[in-house]
Amino acid sequence: MSTLHSPLPSVDAYVAYFTQRPLPVLRQTARELEALQRDPEHAGSRRLAATVLADPLMTMRLLTHLETHRRQSQNHDVTTIEHALMMIGIEPFFRLFGALPTVEDTLGQNPRALVGVLRVIVRARRIAGLAREFAIVRHDLDVQEITVAASLHEAAEIVCWIHAPALTEQVYALQTADRRMRSADAQRQVFGITANELQLGLIRAWRLPALLTQLLDDSQQSDPRVRTVSLAARLARHLARGWDDPGLPDDLAELDTLLRIPRETLLRRLGAPEEALNRLTTH
0 MSTLHSPLPS
10 VDAYVAYFTQ
20 RPLPVLRQTA
30 RELEALQRDP
40 EHAGSRRLAA
50 TVLADPLMTM
60 RLLTHLETHR
70 RQSQNHDVTT
80 IEHALMMIGI
90 EPFFRLFGAL
100 PTVEDTLGQN
110 PRALVGVLRV
120 IVRARRIAGL
130 AREFAIVRHD
140 LDVQEITVAA
150 SLHEAAEIVC
160 WIHAPALTEQ
170 VYALQTADRR
180 MRSADAQRQV
190 FGITANELQL
200 GLIRAWRLPA
210 LLTQLLDDSQ
220 QSDPRVRTVS
230 LAARLARHLA
240 RGWDDPGLPD
250 DLAELDTLLR
260 IPRETLLRRL
270 GAPEEALNRL
280 TTH
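Under numbering that gives the first Met the number 0, residues 0 to 282 are what the sequence shown spells out, in order.
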């Protein structure tokens with residue numbers, strides 16, 4: 000598989016490059032879908048939706064397919080996985096998404112990139128889990144919409160690890176050399192654009208529903224649903240470095256305002272160890 004080794008001149012150029020290349024899925028996803036196809040009695044929409052939502056790449060593929068094959072009679076957006084499966088149908092879904100390429104095969108000759116993308120996918124899953132928890136606390140009108148949007152929050156970085164691994168490694172190298180360097184600054188230095196700029200470009204090119212596009216636009220912080228997703232993403236990144244990460248107090252202060260529950264209750268829901276709980280409840 001050919002990959003990108005040099006930066007491109009614009010967001011549009013990156014979007015054109017990445018969207019011309021197929022997205023693989025996790026090997027685990029491919030195996031689970033094969034197993035469900037062999038056992039149709041247990042392949043209900045809820046179980047199938049859980050398999051899709053656990054894999055951001057499969058989620059991207061499904062929603063992109065649905066939007067690019069949108070019927071003229073469809074006058075509403077599809078913003079949840081179960082609704083998408085209902086629109087397509089279980090049997091047609093298996094016909095459309097059988098024998099998918101896998102991330103592990105695609106990056107088999109580049110183990111560092113494989114490790115990199117798998118770490119980001121783990122983070123994307125955690126972001127989705129946190130966002131779902133926050134949406135439940137907020138009594139959000141549609142928790143599933145928040146969960147789907149959050150699972151796609153790291154889409155740009157996932158795509159870059161797959162199709163531009165050498166450039167993505169350079170971004171990480173810059174931040175390793177200078178721990179104070181912001182991700183956006185490192186991305187702009189290497190790619191010439193930020194991941195957020197690429198993300199919004201990809202989402203528009205994939206023609207994802209306007210609501211999901213809005214929920215993933217970190218610039219719209221006045222919207223509590225957008226803050227739910229963006230704070231879940233920030234918290235997941237900081238927790239990946241440990242409960243002593245210096246960014247956690249600011250995250251928690253913003254979550255106090257958003258969720259309006261006692262700090263100790265929030266920390267216990269997050270599974271904070273006792274030491275962190277005692278330290279972070281004194282604010």
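For every residue, glycine included, the Cβ atom is placed at its ideal position computed from N, Cα and C.
Status (buried if at least 16 other CB within 10 Å, exposed otherwise) for residue i
| i | result |
| --- | --- |
| Val114 | exposed |
| Ala172 | exposed |
| Leu140 | exposed |
| Met85 | exposed |
| Val283 | With the chain covering only 0 through 282, there is no way to say anything about residue 283. |
| Arg224 | buried |
| His4 | exposed |
| His162 | buried |
| Asp177 | exposed |
| Gln19 | exposed |
For residue i, three-class secondary structure by DSSP
| i | result |
| --- | --- |
| Thr256 | helix |
| Asp283 | Residue numbering for the chain in the displayed model covers 0 to 282; residue 283 lies beyond these limits and cannot be assessed. |
| Trp160 | helix |
| Gly200 | helix |
| Gln108 | coil |
| His4 | coil |
| Pro91 | helix |
| Leu269 | coil |
| Val77 | coil |
| Arg179 | coil |
| Thr18 | helix |
| Gly115 | helix |
| His82 | helix |
| Thr280 | coil |
Sheet register partners of residue i (DSSP bridge)
| i | result |
| --- | --- |
| Thr101 | Val24 |
Inset, instruction - Entirely within the region 22 to 64 and at least 4 residues each: give me those alpha helix (DSSP H) ranges in chain order. - result: At a cut-off of 4 residues, the continuous stretches assigned as alpha helix (DSSP H) that sit fully inside the region 22 to 64 are 26 to 37 and 44 to 52.
Inset, instruction - Run through the region 212 to 266 for me and flag every whole alpha helix (DSSP H) of 4 or more residues, listed as ranges in chain order. - result: For the region 212 to 266, whole alpha helix (DSSP H) runs of length 4 or above, ordered along the chain, are 223 to 238 and 247 to 258.
Inset, instruction - Output the residue ranges of the alpha helix (DSSP H) runs that lie fully inside the region 119 to 153 and measure 4 residues or longer, sorted by chain position. - result: Runs found: 142 to 150.
Inset, instruction - Count the C-beta pairs between the region 233 to 245 and the region 112 to 132 that are closer than 8 Å, then say yes if the count reaches three, no if not. - result: Because the criterion of three Cβ pairs below 8 Å is met, the region 233 to 245 and the region 112 to 132 touch.
Inset, instruction - Report yes or no: do three or more beta-carbon pairs, one from the region 127 to 139 and one from the region 93 to 111, lie closer than 8 Å? - result: Contact between the region 127 to 139 and the region 93 to 111 is absent, with fewer than three C-beta pairs closer than 8 Å.
Legend entry - Stretch-stretch touch, CB-based, cutoff 8 Å, three pairs: the region 91 to 99 with the region 31 to 51: Yes: at least three Cβ pairs fall under 8 Å.
Legend entry - Cβ contact check for the region 145 to 164 and the region 246 to 255: 3 or more pairs under 8 Å: Not touching, per the Cβ criterion.
Inset, instruction - Decide if the region 52 to 59 is in contact with the region 2 to 18; the criterion is three or more beta carbon pairs, one per stretch, under 8 Å apart. - result: A contact is defined here as three or more CB-CB pairs under 8 Å, and the region 52 to 59 fails this definition with respect to the region 2 to 18.
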